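To start, the structure itself, in structure tokens.
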Amino acid sequence: MKNLIDVKNLRVSYHTYAGEVQSVRGVTFSVQEGETLAIVGESGCGKSVTAKTIMGLIATPPGEIKEGSEVVLDGKDILKQTEKEWEAYRGATCSMIFQDALTSLNPTMNVEKQIMENIRNHYPVSKEEARKETLHMLELVGIPDPQACMKKYPHQLSGGMRQRVMIAIALAGKPKVLIADEPTTALDVTIQAQIIDLMKELQKKLGTTIILITHDLGVVANIADHIVVMYSGKIMEKGDVRQIFYGHKHPYTWALLKAAPNLELSNKQPLISIEGTPPDLIDPPKGCPFAARCKYCMNICTTEAPEEYEFEPGHTAACWQYHPESGYADIDFSREGE
Ligand SMILES: Nc1ncnc2c1ncn2[C@@H]1O[C@H](COP(=O)(O)OP(=O)(O)OP(=O)(O)O)[C@@H](O)[C@H]1O
Ligand SMILES: [Mg+2]
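First residue of the sequence shown? That's -8 in the numbering used here, and the numbers climb one at a time after it.
Here you go:
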């Protein structure tokens, strides 16, 4: 499969009264065409800022995308787009759905108008054609009575229905890429599962490439092809689902998996919470950001940022313990917690 998106050395900061918050600190990853890539990591590690950058939603100032950052989509560095190009891009090339559909939908417009607007913003179709397409989109996302739903306002819909409408709006412009930022966090578990199934089904039908951001590793196990594990504005480990769940190399990935309550693989052992808190991004540590919380921490970890080591094609971890001179190179995580 070919890469649709290449994010290269992305660095994004926010200038605040307290100082420069270095939200994303040199992130490099690729997304293949038609796949689902999941970005996981604790709160505040830079997942949403990365997503917003790809969607062209970083307000500058206070945000700043640092010199040398690149996001190449279909061969074009989108960070160099003009505002006019961004407008055409949003919705038609890349769409985003957010955690809270109620605040993201327009409360003053009915569903029909919101979807039609997105279609007509990108395609020169008549009102009648747009209305037909709207009905089709609502059917596609599994709304039971699409005709009636068209006339409803967001507050008249249940949480699950609102999220389906958001997906319909996002997909109405036929984007190549759908970014879903915590799309199921606000929903109860049954509805969560339905929304994830829906996203999988739509991806099959439409071939959409999905970037899924979530705290929930259970969701990731069900839907993702590749996983990027972020911490403190950096990538700790990346690989395919099998490599991350069953062959992880980074102590942070291990800690994250052990702290996930709904994973089969953690049932055998007690849940272990990750002690401590992530570092301050205004003054991040020089070495590995996880060093202060890592039980394998060596001297070098606190003074120098680790190199990235590749274990299999596409599977890398940034951790000094895989340096040939480290004695820990073959840590057996499966024996942890015994
Ligand atoms: N508009 C902003 N102004 C200042 N700092 C910001 C802004 N947006 C994000 N940040 C900071 O950037 C860092 C990364 O934030 P981001 O929203 O990407 O985290 P996240 O990984 O999406 O977390 P969560 O899981 O809680 O959504 C955080 O320290 C956050 O406080
Ligand atoms: Mg976020």
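Using N, Cα and C, we set each Cβ at its ideal position, and we do this for glycine too.
On a predicted model such as this, the values are computed, not experimentally measured, just so you know.
In whole angstroms, what is the alpha-carbon distance linking residue i and residue j?
i: Ser257; j: Ile56; result: Any answer about Ser257 is weak, because its pLDDT of 48 lies below 50 and its placement is not dependable; what the coordinates show is given next. Each residue's Cα considered, the two are about 38 Å apart.
i: Gln224; j: Gly32; result: A small fix is needed here, since residue 224 is Gly in this sequence, not Gln. Each residue's alpha carbon lies about 10 Å from the other.
i: Arg81; j: Val116; result: 18 Å
i: Ser4; j: His206; result: 22 Å
i: Cys288; j: Ile160; result: 47 Å
i: Gln185; j: Glu316; result: 48 Å
i: Thr84; j: Asn290; result: 46 Å
i: Val211; j: Asn109; result: 29 Å
i: Ala330; j: Gln312; result: Outside the shown range of the chain, which is -8 to 329, sits residue 330, and nothing can be said about it.
i: Gln105; j: Leu96; result: 8 Å
i: Glu298; j: Ala309; result: 5 Å
i: Ser86; j: Gly318; result: 46 Å
i: Asp271; j: Phe20; result: 24 Å
i: Leu1; j: Ile88; result: 22 Å
i: Val40; j: Ile69; result: 16 Å
i: Ala125; j: Leu148; result: Correcting the residue type first, residue 125 is Thr in the shown sequence and not Ala. Roughly 17 Å between the two C-alpha positions.
i: Lys123; j: Gly150; result: 25 Å
i: Val190; j: Ala215; result: In the sequence as presented, Val is not what sits at residue 190; that position holds Met. Looking at the two C-alpha atoms, the distance is approximately 11 Å.
i: Ala330; j: Ser264; result: In this structure the chain extends from -8 to 329, so residue 330 is not present and cannot be described.
i: Gly17; j: Met227; result: 11 Å
i: Thr99; j: Ala9; result: 37 Å
i: Leu162; j: Leu208; result: 25 Å
i: Ile49; j: Glu295; result: 30 Å
Below 8 Å CB to CB, which residues in the same chain sit around residue i once its five sequence neighbours on both sides are set aside?
i: Asn101; result: Met141, Lys142, Lys143, Tyr144
i: Ile134; result: Cys140, Met152, Arg155, Val156, Ala159
i: Tyr197; result: Here the sequence assigns Leu to residue 197, which means Tyr is not the residue at that position. For Leu197, where only same-chain residues beyond five positions count, the Cβ hits under 8 Å are Leu162, Lys165.
i: Leu178; result: Gly150, Gly151, Gln154, Ile186
i: Gly59; result: Asn0, Arg2
Quick check: is the beta carbon of residue i nearer than 7 Å to any beta carbon in chain C?
i: Val210; result: Of the chains in the structure shown, none is chain C; there is only one protein chain.
Could you check if residue i belongs to the surroundings of ligand 1, using beta carbon to heavy atom distance under 6 Å?
i: Val220; result: no
i: Tyr5; result: yes
i: Gly35; result: yes
i: Val18; result: no
i: Val12; result: yes
i: Leu48; result: no
i: Leu193; result: no
i: Leu189; result: no
i: Leu272; result: yes
Using a Cβ-Cβ cutoff of less than 6 Å, which residues in the same chain neighbour residue i once the five nearest sequence positions on both sides are dropped?
i: Ile235; result: Ile218
i: His306; result: Gly230, Gln234
i: Ala92; result: Arg153, Gln154, Met157
i: Pro242; result: Cys285, Tyr287
i: Leu(-5); result: Val22, Glu24, Thr200
i: Glu63; result: Here residue 63 turns out to be Val, not Glu, going by the sequence shown. Excluding residues within five positions, the ones whose Cβ falls inside 6 Å are Asp(-3).
i: Asp65; result: none
Under 7 Å Cβ to Cβ from residue i, same chain only, skipping five residues before and after it: list those, please.
i: His6; result: Pro52, Pro53, Glu55
i: Asn213; result: Ile187
i: Cys36; result: Met221, Tyr222, Ser223, Gly224, Pro269
i: Val12; result: Ser4, Tyr5, Leu272, Ile273
i: Gln194; result: Thr27, Ile201
i: Glu266; result: Arg284
Practice problem: Please write down, chain order preserved, every residue whose beta carbon lies under 7 Å from a heavy atom of ligand 2. | Solution: Lys38, Ser39, Asp172, Glu173, Ile204
Quiz item: Taking contact to mean at least 3 C-beta pairs separated by less than 8 Å, is the segment 161 to 169 in contact with the segment 196 to 203?
Solution: yes
Practice problem: Evaluate contact between the segment 173 to 188 and the segment 109 to 129, counting only Cβ atoms and requiring at least three cross-stretch pairs below 8 Å. | Solution: no
Quiz prompt | Sufficient close CB pairs (3 or more, under 8 Å) joining the segment 18 to 27 to the segment 281 to 297 | solution = no
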